[in-house]
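Each remark here refers to the structure printed beneath this line.
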Amino acid sequence: MIHFKLLGAALLLASLFCLTLAGNFDDSSCESSEEYGGGKHKHRHHKHRPKPPRPPPRPHARPKCEQGWYTSYRPQGIWCLRVGIGKLDYHQSQAQCKTYGGVLSGLQNNFERQLIANETVRQLLPTGVTIAGVWLGASKVPGTNTFKWNDGHTTGTGGMFYGPEQPDNAKGDPRGPQNCLQLIVMTPAYWSHPDKWVPFVRLIDDYWCHMTHDPPQRLYASPRPRATCESGWLTSYRPQGLWCLKIGIGKLDYNQSQAQCETQGGVLSRIQNDLERQLIANETIRQLIPIGVTIAGVWLGASKVPGTNTFQWNDGHTTGTGGMFFGPGQPDNALRDPRGPQNCLQLIVMTPAFYSRPDKWITFPQLIDDYWCHMTHDPPQRLYACGKPGPVDNMVG
Ligand SMILES: *[C@@H]1O[C@H](CO)[C@@H](O)[C@H](O)[C@H]1NC(C)=O
Ligand SMILES: *[C@@H]1O[C@H](CO)[C@@H](O)[C@H](O)[C@H]1NC(C)=O
Ligand SMILES: *[C@@H]1O[C@H](CO)[C@@H](O)[C@H](O)[C@H]1NC(C)=O
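Numbered according to mature numbering (1 follows the signal peptide of the UniProt record, and there is no 0), the sequence shown spans residues -22 to -1, 1 to 375.
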């Protein structure tokens, strides 16, 4: 017993599980990344073909967390995790996670529970300690004895793997309510000297937030969310880096819209791919619905290839023509209308309500039309898509 306590004290280490935004960690311990589809298998489309030409796994298909972090593919996006060690209580663990730019992590699912438990065991083995408590990012729902994840990313209760009869709030123990959660993790050697924690293998216990002695070895779960654009901008993960998008509204022509974007450090945005088109269209719809407007034209940044009737994205960031989703017969240059050439592009966006009173734009749902740069009345509701490069992506691949 004394031996055990000494060991715990000598280590003076608690392990924490944090959520972080910054910092470079070089310990190869966290290199492994696991393919995970939130419990559902994403690779259903295997045809029944003969075995031999086994398609290689798609190692480059999805980005993963940079070195030093484990990757979890949550339904709501990539989540990067690491486990810290140190004799810290819940609040000290939160503070430690903050130095990585984040907060303590919740558990989204069984994969993350096993990932964190495995990493905890890996860190315990060389110390000879056989059991530890890992702080998780959760807080009590006020007025109840239930918990919710509080890292701003983990959702649902699918990761709430409680030990038997937990959370029990210490059965009204005079030391007060247990408002925090720890994951109990044992190494294989634990089983030669098991203790009262036996029924809690890799399960969650509610615990006093300021206590650090039961079990005495402490760790914490630290996450690191993927880089995103600053608040107020939508994030597009282009192959060439993050691109931030913001949709402005106002009866502005192309040049005025360009000037508006410039005041925000951007330019009129081009469209890289279908996902970006959807981002722009969805955000436009979100702005149209409350004002009762059902259709709008959104200025995009592009210019005509001189001497032709084709357009090019010209911001130095958008590449290719994969985002040129033209409406039928476009660009048509207004069929040589006397009002002159149509040298600009607008994305036509309809809300669902448009279809109860459709008009001539019916064949242009979320598609691009060439248009006169100085005109603002067709459709009369005008918006503009600004774009600018985002922060450096913290994922690789
Ligand atoms: C955890 O470790 C076990 C045993 O080594 C292994 O089978 C499992 O795949 C690991 N799980 C994760 C999520 O790392
Ligand atoms: C845009 O909205 C549609 C319909 O709600 C949705 O299916 C799609 O996933 C959204 N796309 C993006 C990129 O947000
Ligand atoms: C828009 O700006 C360009 C370049 O500054 C200028 O040549 C053009 O005349 C302007 N067009 C309108 C309609 O203001």
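C-beta: ideal position from N, C-alpha, C; glycine also.
In this text the structure is predicted, and so the values were computed from the model without any measurement.
Query	Result
Beta-carbon spacing of V163, V99 below 8 Å	yes
Proximity test, L93 beta-carbon vs ligand 1 heavy atom, cut-off 7 Å	yes
Meets three-Cβ-pair contact criterion under 8 Å: the segment 111 to 121 and the segment 144 to 159	yes
Spatial distance of T108 from T190 (CA atoms)	16 Å
W221 (DSSP reduced to helix, strand or coil)	strand
3 or more residues per run - each beta strand (DSSP E) lying fully within the segment 37 to 108	48 to 52 and 55 to 63
L266 - containing alpha helix (DSSP H), residue span	D252 to L266
CA-to-CA distance, Q144 to G301, given in whole angstroms	52 Å
DSSP-derived helix/strand/coil call for N287	coil
Straight-line Cα distance separating C222 from S214	6 Å
Length of the line joining the Cα atoms of P268 and G243	27 Å
Any non-hydrogen atom of ligand 2 within 7 Å of L257 CB	yes
Collapsed DSSP secondary structure at R153 in the structure displayed	coil
Heavy atom of ligand 2 within 7 Å of L345 beta-carbon	no
For I346: DSSP bridge partner residues	F304 and L325
Residue closest to residue 424, alpha-carbon to alpha-carbon, out of L212, M138 and P172	The structure shown has nothing for residue 424, since the chain only spans -22 to 375.
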